[in-house]
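In terms of numbering that gives the first Met the number 0, the sequence shown is residues 0 to 239.
Glycine residues also receive a C-beta, built at the ideal position from the N, C-alpha and C atoms.
The structure presented is a predicted model; accordingly, all values stated were derived computationally and were not measured.
Below is one structure, written out as structure tokens; the observations come after it.
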Amino acid sequence: MDTTSQISTPSSRWPLRPRRLWRGLVARLVLMTLASPAMAVPPDIGLFFQAGSRDEGESRNALAALARDWDNAFPGTTVLSLETGFDRDYSEGAAYRGYFATDRLMFDIPAEDNRLKNKAEVLTLLLSPQGGDSAALKTLAISADFLMKNRLYQTAFAGRNLVVVTSRTGANRVYDAPAGLRFAKLRENDNVEDATGRAWEATEEALVPGDGSAPAPRLAARRAFWFGWHAQFPDTELIK
């Protein structure tokens, strides 16, 4: 199911308290009010969404990664303390341990799809066809378990040549490769090699070839539970 979230930043960091409404499932900004349209996000504010502008309606990248991998890539990240003054178990998975112990849901959905378990994680994309109608969005879900077994995965979708690079710890990044280009090998540090032997570096913004030619830009993609994605996009294509 799609949800919205309102985020307010303490007024000590902003002249006025901004209010932002997000569509959580597709990571799109629905509404944002700031003190000034020209106001920039302070450089020391940490954001979960990895890439993209603040424009209304634009999707953002979201990345699920282990703390050590994130810290290696972004050593200057601000980390919030777990010492909050409240008596609460903040350990990994504690809050929803009972919920994840079964496949039962907390609420009703229009219909279940048994191609995957309800709470199976999927990597999801919402794309307009290449060179086609921007309003005719295509939806794709790829099983996270499938991607762990196929850490370099390539497929054609919505007229695009998609390349998914998955780290050893399960972080997924999706790139829009040039038409006809095939990737053959996953190298150390999650970099890749194409069929001609050319090396490409997997960065947060793009797959960057070592010969200085045009990079393959990264596409907005995010993790979701299968039941929620299918409830929102029942006609989605699924790769498992």
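> Based on Cα-Cα distance, which residue from I238, R150, A183, W225 lies nearest to R103?
Replying inline: Looking only at I238, R150, A183, W225, the smallest Cα-Cα distance to R103 is reached by W225.
> What distance in whole Å lies between the Cβ atoms of R159 and A201, which are believed to be in contact at a cut-off of 8 Å?
Replying inline: With 8 Å as the limit, A201 and R159 do not qualify as a contact, their Cβ atoms being about 17 Å apart.
> K137 bridges to which residues according to DSSP?
Replying inline: L126
> Going by the CB atoms, is the gap between F156 and L139 shorter than 8 Å?
Replying inline: In this structure, L139 places its C-beta atom within 8 Å of the C-beta atom of F156.
> Straight-line CA distance for S52 to A110?
Replying inline: Confidence at S52 is low in this model, with a pLDDT of 41, below 50, so its placement is unreliable and no value can be given for it.
> Taking Cβ to Cβ, would you say P208 is nearer than 8 Å to R197?
Replying inline: yes
> Tell me, which residues are paired with V78 by DSSP?
Replying inline: DSSP output for V78 lists no bridge partner at all.
> On the three-state DSSP scale, how would you describe D243?
Replying inline: Residue 243 is absent from the model: the chain starts at 0 and stops at 239.
>> Considering just the uninterrupted stretch of the beta strand (DSSP E) at D144, what are its terminal residues?
In response: Here D144 belongs to no beta strand (DSSP E); instead the alpha helix (DSSP H) covers 143-148.
> Nearest chain B C-beta to W225 closer than 8 Å, yes or no?
Replying inline: Included in the structure is just one protein chain, with no chain B present.
>> Helix, strand or coil, according to DSSP, for F73 in the structure here?
In response: Note: F73 maps to coil in three-state DSSP.
> In the DSSP assignment, what are the bridge partners of Y152?
Replying inline: V163
> Exposed or buried, what is Y174 when buried is set at 16 or more other beta-carbons lying within 10 Å of its beta-carbon?
Replying inline: buried
>> Under DSSP, the beta strand (DSSP E) around R222 begins and ends at which residues?
In response: 221-224
> Taking the alpha-carbon positions, what's the S166 to R150 distance?
Replying inline: 7 Å
>> In this structure, how does DSSP classify E203 when only helix, strand and coil are distinguished?
In response: In the structure shown, the three-state DSSP call for E203 is coil.
>> Helix, strand or coil, according to DSSP, for R96 in the structure here?
In response: helix
>> Using C-beta distances below 8 Å, list every residue in its chain close to M105, excluding the 5 sequence neighbours before and after it, in chain order.
In response: Within the same chain, M105 has close Cβ partners Y98.
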